[in-house]
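Residue numbers (the UniProt record's numbering): 1 to 430.
First the structure, in the form of structure tokens, and then the observations on it.
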Amino acid sequence: MSLICLQYGQCGNQLGAELYSTISDDIHNDSKEYNIKNKSYNKLSEDNWFLRKNNRLQARAIIIDTEEKVVNSFKKHSSWSYNPDNIIIKNTGGSANNWAVGHNVNGPKMLNKTMESLRKECEKCDRLQGFLTFNSSAGGTGSGLSSYFSQQIKNEFSNKALISVLVLPHFAGEVVTQNYNTLLTLSKLYSTCDAILALQNDNLFKMSTLYEGAKKIGMGHLNRLVAEQIGSIFQPVEFSGPSKSVTLSDLTSHLCSHPSYKILLIRTAPDVIKPNNFVSNMKWNSKEHCEYEMCFKKNFHYKQDELSKINKEMKVVANLLVNRGKPSIIPTNDYKSQISLRHLYPKWIHNQSSLIYNQSRKYIKMEQYITLVTNNSFIQIDLNNILESSWQSFINNAYVYLYEKHGLTKEDFTEAFINVENVYHTYKSL
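As structure tokens, then:
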């Protein structure tokens, strides 16, 4: 089954390109273990992410931006390429870090061409599982366009899964309007998407610094880390029958079966950008990585008093774990017992709300890679910070005129506050 990625803005396009490069690296892994099983893995992965054209891999993706500078840097790669017809750029000079410009101005201008390209791409899929979108919530292009097109896609393809990979801004601030943009994006995506894979920028940065040991972590490092995380979820896994991929529907039906809980967090081990320099020295401990390390300890950017309180009260809606690499390192039963512990779940959720997938093949060049996709109450901290920061700006009428200038009203802001506040209290009350 194939999935189509939609990449919005600078962040979304960089992440999408890095993801396709990561998948290509995994397919072209120079492992000596090439056999019928490995061939099946590669074929399944290729069908999922690419199509063949002139004996080259072509990404199943739509690129959407309001500036050419980022897109021009990755139009063609050595092992794969984008379809030129799927690169949709409206040279407006960006969206002024304003959600309203992206949503109300640039979105409608790009609607016809974007939806036409998407329909054509869908027709090329023998079996379409759904759509995976990539964008940041801080700026105006990614946040506004993703919010606008998610509604259009859901209207036209209502029976297909739609999952947003959403990069949340640094707490310290990237742009002055980032909290407004994030608030409006969350409000819109929560009503249109089946799930939101939330990536915390501060968390990603500190994980990269800690595990990589680099003095200076650039965007390329973070993009590669995210690409490895996302790829590790959807690459083929093993079953008693034929191999298959974890589909978008697998994630939404298991992790987001309750419509009030749609935000997913990703925890992986190891978190490395140069796996050859690290994995051979990795000390694996199932309890540490599955329960404490992966669920709790890797929330680096939270204050210690917040962590202590949330650790005691944190509850899980559902967990999905993917174990890639040699199965002998850690027994699967160890994973199952740790992520199914009764105290992790509220009373109304069955304590077996966890799934485990295995794949003995190396992931890229890593001997072992563990991915936990979890729907839990940790996200309440991020939601609370977004609400508090944006509310303080709103009651002082800061920058509101910039949004009103492009068709947004104070009533629209109020509705967004109510929507995100409801999500916050839903997770807090778990």
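We put the beta carbon where it would ideally sit given N, CA and C, even for glycine.
Bear in mind that the values here come from a model prediction, so they are computed numbers and not experimental data.
- Scanning K109, Y427, N48, L57 for the CA closest to the CA of K244 turns up N48.
- When C-beta atoms of the region 218–227 are compared with those of the region 14–26, three or more pairs fall below 8 Å, so the two segments count as touching.
- About 7 Å separates the beta carbon of I163 from that of L251, a gap short enough to meet the 8 Å contact definition.
- Annotation for G218: no beta strand (DSSP E) segment contains it, and DSSP assigns it neither H nor E.
- Counted as a single uninterrupted DSSP element, the stretch harbouring G325 is not any alpha helix (DSSP H) but the beta strand (DSSP E) occupying residues 316–325.
- Inclusion of N91 and L408 in the CB contact set at 9 Å is not warranted, their separation being larger than that value.
- Runs of alpha helix (DSSP H) with 4 or more residues, each lying fully within the region 67–152, are found at 69–72, 107–123, listed in chain order.
- For K37, the three-state secondary structure derived from DSSP is helix.
- In the three-state DSSP reduction, Q392 falls in the helix class (H, G or I).
- Non-local beta-carbon contacts of G107 in its own chain, meaning distances under 6 Å to residues more than five positions away in sequence, involve L145, Y148 in chain order.
- If you check the CB distance, A416 and L184 come in under 9 Å.
- Taking the Cα of C122 as reference, the smallest distance to any Cα among A59, K69, N13 is reached at A59.
- The residue among T268, N323, N319, K362 with its C-alpha nearest the C-alpha of L341 is N319.
- Only residues of its own chain outside the window of five on either side were considered, and among them M1, S2 have a CB closer than 8 Å to the CB of R127, listed in chain order.
- By the criterion of a C-beta distance shorter than 8 Å, S257 is surrounded in its chain by A318, once the five residues flanking it on both sides are discounted.
- Distance check between L166 and each of S232, Y8, F239 places Y8 closest, using alpha-carbon atoms only.
- A Cβ-Cβ contact shorter than 9 Å links S79 with S24.
- Counting of Cβ neighbours within 10 angstroms places K347 among the exposed residues, the total staying below 16.
- Residue pairing of I266 in beta bridges, as defined by DSSP: V373.
- L3 is bridged by DSSP to G130.
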